[in-house]
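Numbering of the sequence shown is given in numbering that gives the first Met the number 0, commencing with residue 0 and proceeding in unit increments.
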Amino acid sequence: MSHQISVMVHTPAHSGLGGALTYACDTVPPPGTLVRVPLGSRELLGVVWDNAPASDEVAEPMQLRAIASVLEGLTPLNASWRQLVQFAASYYQRSAGEVALAALPSQLRDLSTEQWTRRLKRKPKAVAAYEGPTPAIPTPTDEQAQVLADIAAHKGPFLIFGNTGSGKTEVYLRAAQALLARDPQAQILVMVPEINLTPQLEERFRARFAPQWGADCLVAMHSSLTPAQRLKNWLAAHSGEARIVLGTRMAVFASMPHLQLIVVDEEHDPSYKQQEGARYSARDLAVYRGQLEGAKVILGSATPSLESWHHSRPATAAEPAGRYMRLAMPSRVGQGALPLVRRVDMNRQPYKTVFSNHLLDAMRERVTRGEQILVLLNRRGYAPVLNCNDCGWKSECPHCSAYRVFHKLDRTLRCHHCGFTQPVPRACPSCGNLDISPLGRGTEQLEEHLAELLADVRRPDGQPIRIARIDADSTRLKGELERQLAEVHAGAVDVLVGTQMIAKGHDFRRVTLVAALNPDGALFSSDFRAPERLFSLLMQAAGRAGRDASMRLVSPCEMWVQSFHPMHPLFEALKQHDYPAFAEQQLKEREQATLPPFSFQALVRAEARSQEAAQAFLNAARDAGAALADELLVDLYPAVPMTIQRVANIERAQMLIECTSRKALQHFLAHWQADLHAMRNAHRQVIRWAVDVDPLAI
Ligand code: ADP
Ligand code: ZN
Ligand code: ZN
0 MSHQISVMVH TPAHSGLGGA LTYACDTVPP PGTLVRVPLG SRELLGVVWD
50 NAPASDEVAE PMQLRAIASV LEGLTPLNAS WRQLVQFAAS YYQRSAGEVA
100 LAALPSQLRD LSTEQWTRRL KRKPKAVAAY EGPTPAIPTP TDEQAQVLAD
150 IAAHKGPFLI FGNTGSGKTE VYLRAAQALL ARDPQAQILV MVPEINLTPQ
200 LEERFRARFA PQWGADCLVA MHSSLTPAQR LKNWLAAHSG EARIVLGTRM
250 AVFASMPHLQ LIVVDEEHDP SYKQQEGARY SARDLAVYRG QLEGAKVILG
300 SATPSLESWH HSRPATAAEP AGRYMRLAMP SRVGQGALPL VRRVDMNRQP
350 YKTVFSNHLL DAMRERVTRG EQILVLLNRR GYAPVLNCND CGWKSECPHC
400 SAYRVFHKLD RTLRCHHCGF TQPVPRACPS CGNLDISPLG RGTEQLEEHL
450 AELLADVRRP DGQPIRIARI DADSTRLKGE LERQLAEVHA GAVDVLVGTQ
500 MIAKGHDFRR VTLVAALNPD GALFSSDFRA PERLFSLLMQ AAGRAGRDAS
550 MRLVSPCEMW VQSFHPMHPL FEALKQHDYP AFAEQQLKER EQATLPPFSF
600 QALVRAEARS QEAAQAFLNA ARDAGAALAD ELLVDLYPAV PMTIQRVANI
650 ERAQMLIECT SRKALQHFLA HWQADLHAMR NAHRQVIRWA VDVDPLAI
């Protein structure tokens, strides 16, 4: 055993110190090789990192343990992959071992050596001939042709700012096609926010590429694959066999030795941000990875994140252009016009109006003609709270600082934070009064209410209309979402009620009216990103209407917004479908308040049995970092309780860190980590803490 190597493993505690351990071996495997190593009494999967011994783990050479085995038959993970992992770990303040191991399919870890040997011997099936549909490939529109020419001629990264239905996906397909045809090895990574919501997209890609490159040219990567599927797809990408990987945020770490293009569709979508472990932004890592590997990066959205919008600003007299190239596609393909936005002033409606009469009339007319309607309400359940009209008791969760939601279907009170569920009490648990009633309204109630309101309406075929609901409750069972979406697509549903799940990406063909019932909450939220999220949600929802230009419409498509603040600038911009105006106004506010993208933020969150303990930890950390923060012009704010302060009997607090320089913030965090780790012992009541760099929700 004459050699020492360092191996990245996922050590149990997030040490924040790199995660590399030193082992002995006879022959040095090349960096990137997967090995099994002993740790304590266990054996772990690890990645050989570089040949220098890890600095943080000073072990006497005689105590060094040998690596247990090498995973045979697997090409080492290449240097770019390792650098991507290293960067992500240091940027998001986690150990590289954790990030590396989380990025690998679990079966690499879980299969025994014998199982692995057997797995390797499995003969690849003969490439299946593709037998699906092969739709005609459309000729690009002028806008598409221009965007494609720009992508070919420049380095990027690119931001395609294109309306819903402007043909962005077609641009991705063509850009990919051009690369695949030019270079027989080229690989392409296409990222989407949530694959389950858009099963058609995978089909569209497969139908385009499989006829020429075989049914196996495309693999998917997302969390609903089985471990065996995930391993298979990962191996296909790693070996270069799969030319296209279509996946969710985790796919940004796919090992793709010949990566040449990364597409991030709906780049503004918050689900690109991982919310636990290493809290990475897959979109931001995609941009980094593209630069690292010389792959082109295309971000696309109808409502870009304000960060990407700002990065793609054109040059002005005072300032050079941002580092992204903005490519606009303002027109919708075909004649499908964007819907007319109609605002209803709820101040003028009778108290407790759910649907204004005008909206109801419009809905009736349309379903009678066989058109479809979407009703958007971002709150599931029947009612957000149950209330005693006598003593004022409310259905609070005993374990959280939140109300339990009334679900009428199974007559339960359910906490949406900790899951605590109980049957609805017959009488007020506090005073015995029988008169307890729901306050407010969720999708379940809306569905019920609409059924009453539209009971006398008939479809063109004389049948009663069908109302369906899609939200996290109605789609809990596996396959249920796909089934329900298929019904909407097939036209079996006339009115679809749902949460934001129904607004995203679906290509419903017969929708001509979209109604947003109660979007006001986000206008005055304490989270400065709430208006941005609302605007993009409403634009997305509006984009579901009028997708089929061949439909002969009696009256144009509409989006209805019922609001107590109909003249709010956000709704003004929505009415004009004017994202740039909205973005400009928001960016001005953010600049004045020095909020992102004009500053950079991180949050430290701590969880403890008591709020005092959580805050004490954070405030001690603040003291420990104060001198360095001062020097680097980093602002450390005092600890505060989180918006939902207690979940499952755990108190949560957070502390904001802000700086106008990303570099200084990174420098600060890297040094401050050690302080945080060192404080652990003095704060035994703290259950866990985590740093969130570039947090999306404050
Ligand atoms: P986006 O991704 O911007 O929503 P898509 O690429 O899905 O837009 O295009 C919207 C619709 O227009 C799709 O049905 C697509 O097949 C069609 N389409 C896109 N580009 C063209 C084109 N150049 N010619 C004809 N139809 C097109
Ligand atoms: Zn009571
Ligand atoms: Zn709870």
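Note that beta-carbon positions come from the ideal geometry of N, C-alpha and C, so glycine has one too.
Identify whether residue i lies in helix, strand or coil by the three-state DSSP scheme.
| i | result |
| --- | --- |
| valine 8 | coil |
| alanine 696 | coil |
| cysteine 698 | A question about residue 698 goes unanswered here, because the residues of the chain that appear run from 0 up to 697. |
| glutamine 273 | coil |
| lysine 231 | helix |
| glutamate 395 | strand |
| glycine 624 | helix |
| glutamine 186 | strand |
| valine 456 | coil |
| glycine 161 | strand |
| methionine 550 | coil |
| serine 280 | strand |
| tyrosine 287 | helix |
| valine 513 | strand |
| methionine 678 | helix |
| alanine 58 | Model confidence at alanine 58 stands at a pLDDT of 48, short of 50, so the residue's coordinates are unreliable; what they give is reported in the following sentence. In this structure, alanine 58 counts as coil in the three-state DSSP scheme. |
| alanine 128 | coil |
| threonine 138 | coil |
| valine 170 | helix |
| isoleucine 194 | helix |
Do residue i and residue j have their CB atoms nearer than 8 angstroms?
| i | j | result |
| --- | --- | --- |
| phenylalanine 534 | phenylalanine 581 | yes |
| valine 296 | glycine 155 | yes |
| isoleucine 501 | isoleucine 466 | no |
| arginine 651 | alanine 613 | yes |
| serine 300 | glutamate 265 | yes |
| leucine 73 | leucine 33 | yes |
| glutamate 284 | leucine 83 | What sits at residue 284 in the sequence shown is leucine, not glutamate. The answer is yes: Cβ separation under 8 angstroms. |
| valine 46 | methionine 7 | yes |
| alanine 185 | glutamine 259 | yes |
| cysteine 387 | cysteine 417 | no |
| glutamine 483 | serine 473 | yes |
| leucine 729 | valine 496 | This structure cannot speak to residue 729, because the chain is shown only from 0 to 697. |
| phenylalanine 405 | leucine 433 | no |
| leucine 695 | arginine 528 | yes |
So who's on the other strand from residue i, going by DSSP bridges?
| i | result |
| --- | --- |
| serine 68 | Arg35 |
| aspartate 344 | Ser562 |
| glycine 497 | Leu375, Ile469 |
| tryptophan 671 | BP columns for tryptophan 671 are empty, so no partner. |
| aspartate 634 | Glu657 |
| isoleucine 435 | Cys387 |
| alanine 175 | According to DSSP, alanine 175 bridges with nothing at all. |
| isoleucine 261 | Leu188, Val296 |
| glutamine 3 | Ala23 |
| isoleucine 649 | Val646 |
| leucine 339 | Glu557 |
| arginine 687 | Glu606 |
| proline 463 | Arg457 |
Which two residues bound the contiguous alpha helix (DSSP H) that contains residue i?
| i | result |
| --- | --- |
| tryptophan 698 | Since the first residue shown for the chain is 0 and the last is 697, residue 698 is missing from the structure and cannot be characterised. |
| alanine 152 | 141-152 |
| leucine 484 | 479-489 |
| tyrosine 90 | 78-90 |
| phenylalanine 570 | 568-574 |
| arginine 365 | 356-367 |
Over the uninterrupted beta strand (DSSP E) stretch that includes residue i, give me the two end residues.
| i | result |
| --- | --- |
| proline 579 | Per DSSP, proline 579 belongs to no beta strand (DSSP E); it is in the alpha helix (DSSP H), 578-591. |
| arginine 41 | 41-47 |
| lysine 295 | 295-300 |
| threonine 420 | 420-422 |
| arginine 604 | 599-607 |
| alanine 99 | Here alanine 99 belongs to no beta strand (DSSP E); instead the alpha helix (DSSP H) covers 95-101. |
| methionine 249 | Segment: none, methionine 249 is in no beta strand (DSSP E) and carries neither H nor E. |
| phenylalanine 405 | 404-406 |
| methionine 328 | 324-328 |
| leucine 412 | 411-413 |
Would you please verify whether the beta carbon of residue i is less than 8 angstroms from any beta carbon of chain D?
| i | result |
| --- | --- |
| alanine 521 | Chain labels in this structure do not include chain D; a single protein chain is all it has. |
Task: Heavy atoms of ligand 2 versus C-beta positions, residues under 5 angstroms - done: Cys387, Asp389, Cys390, Trp392, Cys427, Ser429, Cys430, Asn432
Task: Neighbouring residues (CB closer than 5 angstroms to any heavy atom of ligand 3) - done: Cys396, His398, Cys399, Cys414, His416, Cys417, Phe419
Open item on the list: Residues around ligand 1, please: the ones whose beta-carbon is closer than 6 angstroms to some heavy atom of it, in chain order.
Closed with: Pro137, Thr138, Pro139, Thr140, Gln143, Gly161, Thr163, Gly164, Ser165, Gly166, Lys167, Thr168, Glu169, Val332
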